[in-house]
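Visitor:
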Amino acid sequence: MSPHGQRERYLGVVFLSLTLLTQCQGLTTVDPGSRNNDVTTLIRIVSELTDRVQVLETARTNVQVEIDNLEDKTENLQRQLGKCKMEQNPLDEDFTPIPNIAGDKGNGANETKTNTKRTPDALTKVRGAQEMTGRERISGEKTDRVGILEGMVAFYARLTSNVNNVMVDYTIKFGTVVTNRGGGYNPTTGAFTCPQPGMYVFSWTTALGSTGMVETEITRNGISSGTGVIKSMHESGAKDTNMVLLELSLGDVVLIRVWYISSPSAITLWDHRTYFSGFLLR
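Count the sequence shown with mature numbering (1 follows the signal peptide of the UniProt record, and there is no 0) and you get residues -26 to -1, 1 to 256, in order.
#1: DSSP beta-bridge partners for phenylalanine 148?
#2: Which of helix, strand or coil does DSSP assign to aspartate 12?
#3: If you measure between the beta carbons of threonine 193 and leucine 229, is that distance less than 8 Å?
#4: Would you call the region 153 to 173 and the region 221 to 228 touching, i.e. three or more CB-CB distances under 8 Å?
#5: Since glycine 200 sits in a beta bridge, which residues does DSSP pair it with?
#6: Just the Cα atoms here: how many angstroms apart are alanine 131 and glycine 56?
#7: Taking DSSP as the reference, what is the three-state secondary structure of threonine 180?
#8: Check the C-beta distance from valine 137 over to threonine 201 and give it rounded, since I have them as a contact under 8 Å.
#9: Residues bridged to proline 175 by DSSP?
#10: So the candidates are Phe129, Asn139, Met173, Asn160; which of them puts its Cα closest to the Cα of asparagine 154?
#11: Tell me, which residues are paired with glycine 186 by DSSP?
#12: With DSSP as the reference, identify every bridge partner of leucine 243, one or two as the case may be.
#13: Using only CA atoms, which one of Thr134, Met126, Thr48 lies nearest to leucine 254?
#14: Apart from the five residues on each side of it in sequence, which residues of its chain come closer than 6 Å, Cβ to Cβ, to serine 237?
#15: Closest to asparagine 195 by CA distance: which of Asp226, Leu182, Lys213 is it?
#16: Can you have a look at glutamine 38 and say buried or exposed, based on whether 16 or more other CB atoms are within 10 angstroms of its CB?
#17: Write down the C-beta distance between lysine 213 and alanine 240 rounded to the nearest angstrom, noting that I regard them as a contact closer than 8 Å.
#18: Provide the residue(s) that pair with alanine 128 in DSSP beta bridges, ordered along the chain.
#19: Just to check my reading of the structure: serine 251 and asparagine 216 have Cβ atoms closer than 8 Å, yes? What is that Cβ distance to the nearest angstrom?
#20: Isoleucine 204 and valine 140: beta carbons closer than 8 Å?
#21: Let me check one thing: in DSSP terms, what residues is lysine 213 bridge-paired to?
#22: Quick check on threonine 167: does DSSP put it in helix, strand or coil?
#23: Grab me the residues of tyrosine 249's own chain with a C-beta within less than 8 Å of its C-beta, minus the 5 sequence neighbours each way, in chain order.
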């Protein structure tokens, strides 16, 4: 039974005792000595009940104080929980896009998400990078924006049209730029100028649209760093792909040029089947 219910019960007993006391005082047939004893007993009972009621009232007050304290603690915990959720949301929503250089050519570098936990300072840096509008570079008729993530370098370009009557020492100019993160590739010259030192992977594919043999090379600052040979025995042509790993310094120039041909008047490089790409290893 709750303190309030006990209090009501004892008040009823007190009321009943007072009623009996009044009736006893009104009786004339009862022995006076016996009546005095009954009255004394009832007074003692009433006094005890009054004390019990006071004890219960004090207990009820103490319980109410504890309830109020618990409610205050609950509110504080709820506020702290809400604050923790607000601080946790940026960790769940902010992710770093990582390029996939082997993605679809039409879409450029695909992007995935990582769930790396970040400190508040790291979150501030990522948000600042995402709010950057970036610098715009013009590549022929294509405008590319520098990568959102600082330090990302990657490019992919291909021939715009067939190249006929190729000569020795001819620098292949890949005029159609699909991807140019970091702005290192120049379609006008066909050269990649290193915007950030590091280890780079380069790949180039040469496609012949005629019979004959062509040997191409990749050069760094005019010095050969790798070669590829393609030989076609029929008009349907052939294709050759090569890859190298080069450590570049800031400003180093890398390009693809023709090193040897079997017959200049008969050699044709196929348009979009001939391409050049590279990226910085992280």
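The C-beta atom is built at its ideal place from N, Cα and C for all residues, glycine as well.
Guide: Answer, in terms of the structure:
#1: Paired residue(s): none; phenylalanine 148 is not in a bridge.
#2: helix
#3: yes
#4: yes
#5: Ile192
#6: 50 Å
#7: strand
#8: Between threonine 201 and valine 137 the Cβ distance is about 19 Å, and since that is not below 8 Å, they are no contact.
#9: In the sequence as displayed, the identity of residue 175 is valine instead of proline. Paired residue(s): Leu219, Phe253.
#10: Phe129
#11: Ser206
#12: Val137, Leu182
#13: Met126
#14: Gly186
#15: Asp226
#16: exposed
#17: No, lysine 213 and alanine 240 are not in contact; Cβ-Cβ is about 17 Å, not under 8 Å.
#18: Arg155, Phe253
#19: Not confirmed; about 11 Å, so no contact.
#20: no
#21: Ala181
#22: strand
#23: Tyr130, Ala131, Arg132, Leu133, Phe148, Trp178, Thr179
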